[in-house]
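Notes for the one structure printed next.
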Amino acid sequence: MSELVPTTPDGPTGPARRVPRWAVVVLAAVVVLILGWVVWAAVAQSSSTGDADGPGGAASPSSSRSASADPSASADASEPVVTPTQPAPGEPGGGATDDADPAAPFAPETKPAVGLDESAPFDSGVVARLVRVESVAGEAQGPGEVAGPAVRVTVEITNGTGAPVSLDSTVVNLYAGQDLAPAEPLSGPGASVLSGDLAVGRTATGAYVFNVPADQRDRLQVTVSYDPTVTTVLFEGAGPAA
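Going by our numbering, 143 is the number at position 141 of the sequence shown; the sequence numbering is gapless.
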């Protein structure tokens, strides 16, 4: 018969070791501190994120002080930005609507008419005069010319400028009748065109013949131009009888 070994609550090998109470208190305090630090860090991180990115985040003290120190900052931010614009032509400050186009070709003006026996000054200082306006029998010498009653106009040009003037571009035209129809030029008799350089203070003369029927001489206009960049002068009056 086996012998029973008595047992006790502390185990068969001896009494169990108990944890000291102070160690339990210290461990609990450490756990509480760790949990408190974790909670504080989470709250601080959340608060920092909300201040930086959240729509309701409060302004920093420096920003608040700057806004308070400059009261015009908020007013300027709320006012619309006005962009200056160039005024359109015709508006105040926009210039005239009829300004000359710099790309347009030059179109010289025609001076007001003077009588057939008067002098006509150009704007440049050159002066033109019709020495004679006479009736002649026109001669047909060039292509397309038709002989017949004609008017010969003798033109005199005086150089009143301070430099020589070229007469190579001189153009003389005649218009006849109440409708001022262009008269056809003829080669003679006695026609001679103005050309060459005219010295300062000197005078040159040229003769131009135009086919003008006798019934078209009640009104004549003669235009003279020596330079396409200078105004044209105009003579007007009754022509000679046939």
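Glycine included, C-beta positions come from ideal geometry on N, C-alpha and C.
Cβ-based neighbour list, residue i, same chain, cut-off 8 angstroms, excluding 5 preceding and 5 following
| i | result |
| --- | --- |
| Val138 | Ala152, Val153, Arg154, Pro191, Gly192, Val211 |
| Leu182 | Arg221, Gln223 |
Residue i - partner residues in DSSP beta bridges
| i | result |
| --- | --- |
| Asp229 | Bridge partners of Asp229: none, in fact. |
| Ile159 | Ala130, Ala206 |
| Pro123 | Val129 |
| Val224 | Leu176, Phe237 |
| Gly150 | Gly140 |
| Val116 | Phe237 |
| Val167 | Leu200 |
Rounded straight-line distance, which links the Cα of residue j to that of residue i
| i | j | result |
| --- | --- | --- |
| Val116 | Arg221 | 13 angstroms |
| Gly239 | Lys113 | 15 angstroms |
| Ala178 | Thr163 | 32 angstroms |
| Ala243 | Val128 | 31 angstroms |
| Arg131 | Gln143 | 27 angstroms |
Beta-carbon proximity list for residue i, same chain, < 7 angstroms, skipping 5 on both sides
| i | result |
| --- | --- |
| Leu200 | Ile159, Asn161, Pro166, Val167, Leu169, Ala206 |
| Pro123 | Val129 |
Chain-order list of residues whose beta-carbon lies under 6 angstroms from that of residue i (same chain, five-residue window excluded)
| i | result |
| --- | --- |
| Gln218 | Ala178, Gly179 |
| Leu37 | none |
Sub-7 angstroms separation of residue i and residue j beta-carbons
| i | j | result |
| --- | --- | --- |
| Gly208 | Ser194 | yes |
| Gly241 | Leu188 | no |
| Val148 | Ser227 | no |
| Asn175 | Thr225 | yes |
Cutoff 7 angstroms: residue i Cβ touching any chain D Cβ
| i | result |
| --- | --- |
| Gly150 | No chain D is part of this structure, which consists of one protein chain only. |
Scan the segment 182–213 and note each continuous beta strand (DSSP E) run of 3 residues or more that stays entirely inside, going in chain order. 186–188, 205–213
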